[in-house]
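Data first, discussion second: the structure below is written as structure tokens.
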Amino acid sequence: MGRYIDEILQPGEKVLYSTNAHWMFYLPAIGAWIVVLVLLVLSRMTTVDGLVLLCLAGAAAVALAGVYWTATAWFHRWTTETDVTNFRVVHKTGFIKRRTFEMSLDKVESVDVNQSIMGRILNYGDVTIRGVGEGIETIKTIAAPLAFRNSITAR
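987 is the number of the first residue of the sequence shown in my numbering; add one for each residue after it.
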């Protein structure tokens, strides 16, 4: 499966900037894997059989959740594309059920960036694009939102 943007480019249209959902979607999975490691270390440090079994069972349960969170984060990042071409802004999410948003650069009225403190530190945020007669679209939790905004507003 190729990238969505490559399938819809018009003659003479070039991709100027591409971004994706931020890696912070992996944070629950990373936390789960850390808990698994802690529980495995605790199971090796204790000598009480019941406690060893409890640590191993807990590690297995949390590992199962970690696998699920890792897979869902990877799938979300894999099926999300956000691009700016020399003609338009394109955002696509989903695999089987696809949702796309496209707006001509000529119709963009303003581009707002909303970042939390953690978003500033990790370089992610929400971008709201307001279009002339086209409505408002918010693209949530994308990587490098300021660079994305600059690629839209700089012509």
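We put the beta carbon where it would ideally sit given N, CA and C, even for glycine.
Those residues which DSSP pairs with residue i across a bridge
{"i": "Thr1114", "result": "Asp1098 and Thr1124"}
{"i": "Tyr1012", "result": "In the DSSP output, where bridge partners are listed per residue, Tyr1012 has none listed."}
{"i": "Thr1005", "result": "Thr1068"}
{"i": "Lys1078", "result": "Glu1067 and Thr1086"}
Assigned secondary structure, residue i (DSSP; H/G/I helix, E/B strand, else coil)
{"i": "Phe1087", "result": "strand"}
{"i": "Leu1037", "result": "helix"}
{"i": "Ala1140", "result": "coil"}
{"i": "Ala1130", "result": "coil"}
{"i": "Lys1093", "result": "helix"}
{"i": "Gly1105", "result": "helix"}
{"i": "Arg989", "result": "coil"}
{"i": "Thr1056", "result": "helix"}
{"i": "Gly1147", "result": "A question about residue 1147 goes unanswered here, because the residues of the chain that appear run from 987 up to 1141."}
{"i": "Phe1061", "result": "helix"}
{"i": "Leu995", "result": "coil"}
Cα-Cα separation, residue i to residue j
{"i": "Phe1087", "j": "Lys1078", "result": "6 Å"}
{"i": "Val1076", "j": "Asn1136", "result": "15 Å"}
{"i": "Gly1105", "j": "Gly988", "result": "29 Å"}
{"i": "Asp1098", "j": "Val1034", "result": "57 Å"}
{"i": "Tyr1110", "j": "His1008", "result": "6 Å"}
{"i": "Ala1046", "j": "Met1089", "result": "46 Å"}
{"i": "Leu1039", "j": "Ala1051", "result": "19 Å"}
{"i": "Glu993", "j": "Leu1002", "result": "16 Å"}
Residue nearest to residue i in terms of C-alpha spacing, selected from the options
{"i": "Ile1107", "options": "Leu1132, Asp1098, Val1118 and Leu1028", "result": "Leu1132"}
{"i": "Pro997", "options": "Glu1123, Asn1072, Thr1127 and Asn1100", "result": "Asn1072"}
{"i": "Trp1064", "options": "Gly1017, Ile1128, Ala1043 and Ala1140", "result": "Ile1128"}
{"i": "Gly1119", "options": "Val1001, Ala1015, Asp1092 and Tyr990", "result": "Asp1092"}
Expected contact under 8 Å - CB spacing of residue i and residue j to nearest Å
{"i": "Glu1095", "j": "Gly1121", "result": "About 10 Å; that fails the 8 Å criterion."}
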